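Trainee:
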Ligand SMILES: [Zn+2]
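Residue numbers (our numbering): 233 to 546.
Take a look at the structure:
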């Protein structure tokens, strides 16, 4: 498919509106989609040819995009799979790829800050945080109190949001390539069913208390019945204070008979041994929030869920 059949300029505001409309109502999606398909000429003379040119910013988006576009196209991951949105490093070649893509999907400035300056005026790009959609949660201080007007950027960890992202991708690509609309739709439905089936397995009537090294797992609390008991530090690169470690120890849940169970600590990296010593008894579970070693979003999410549930059980 020639790239001039899908100029980047055709995206922009139009596309943004379309995605918003879609996320408000799936019925809107179906009717818009059918009228699009009926009124637009096919963009390709070779319907079997794979389309290309979608660039996604970070690894969790890549995994979702891969599920939606399976058998049709291969999305391009901008950053290395182990680079999270917290530590984006852009090279000149990356800027070039962002310009040439016929669709760029990223989370937004609150997660991938360095991309904001590059993508701000790029009509082919959509920031998911800009869409009036998704379950949004605030960031919290070390004692669990929400910061006003904040957005926890780890939105993809909520299964309903991951499915919403999948539908947003399907909506945009179906509009750009109507001849593949039913296949995008089929892939997206299959992804949603697989993920929700997993997500529904972990509810518990007993709350599972946990500490976070920094507050990054809020979006898993609903599906995994987690209760946040505070974090060690407000930013993952700031060391915890002795005062906060003492506060956590004072607040930790006790059993009815007065015994203290090891508390589950979810951490992105390795916490230093001196810190952990002050929080004994403790069970540490490392969490890879961007699922960097995974090839499949549903499998990655399920492994996170299993690790966390096992950690809170001890
Ligand atoms: Zn994070």
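Yeah, the Cβ is synthetic: ideal placement off N, Cα and C, and Gly gets one too.
All values reported here derive from a predicted model rather than from experimental measurement.
#1: With a threshold of 7 Å on Cβ separation, who are the neighbours of residue 373 within its own chain once the five nearest residues in sequence on each side are excluded?
#2: Quick one: Cα of residue 317 to Cα of residue 335, how far?
#3: Would a C-beta distance cut-off of 8 Å place residue 457 and residue 435 closer than the cut-off?
#4: In angstroms, rounded to a whole number, what distance separates the CA positions of residue 289 and residue 342?
#5: Can you tell me whether DSSP reads residue 289 as helix, strand or coil?
#6: Under a three-way DSSP split, which group does residue 495 fall into?
#7: Looking at ligand 1, does it come within less than 7 Å of residue 500, judged from the CB to the closest heavy atom?
#8: Grab me the residues of residue 546's own chain with a C-beta within less than 8 Å of its C-beta, minus the 5 sequence neighbours each way, in chain order.
#9: Less than 8 Å between the beta carbons of residue 451 and residue 389, yes or no?
#10: Which residue's Cα is closest to the Cα of residue 476: 339, 485 and 464?
#11: According to DSSP, which residues form a beta bridge with residue 304?
#12: Please name the residue in 410, 424 and 416 whose C-alpha comes closest to that of residue 396.
#13: For a test of your reading of the model: does the CB of residue 316 fall under 7 Å from any non-hydrogen atom of ligand 1? Yes or no.
#14: Could you tell me which whole beta strand (DSSP E) segments of length 3 or greater appear in the region 447-489?
#15: Drop a sphere of 10 angstroms on the beta-carbon of residue 481, count the other beta-carbons inside from all chains shown, and report buried for 16 or more, exposed for fewer.
#16: Pair every Cβ in the region 290-306 with every Cβ in the region 414-431, then say whether three or more of these pairs are closer than 8 Å.
#17: Beta carbon of residue 345: closer than 7 Å to some heavy atom of ligand 1?
#18: Looking at the structure shown, is residue 512 part of a helix, part of a strand, or coil, going by DSSP?
#19: Rounded to whole angstroms, what's the CA-CA distance from residue 533 to residue 523? Just pull it up for me.
Mentor: This is what the structure gives:
#1: 379 and 466
#2: 19 Å
#3: yes
#4: 13 Å
#5: coil
#6: Secondary structure of residue 495 (DSSP, three-state): strand.
#7: Residue 500: yes, Cβ under 7 Å from ligand 1.
#8: 493, 494, 496 and 515
#9: For residue 451 and residue 389, yes; Cβs fall inside 8 Å.
#10: 464
#11: Beta-bridge analysis with DSSP links residue 304 to no other residue.
#12: 424
#13: yes
#14: 458-463
#15: Residue 481 comes out exposed.
#16: yes
#17: no
#18: coil
#19: 8 Å
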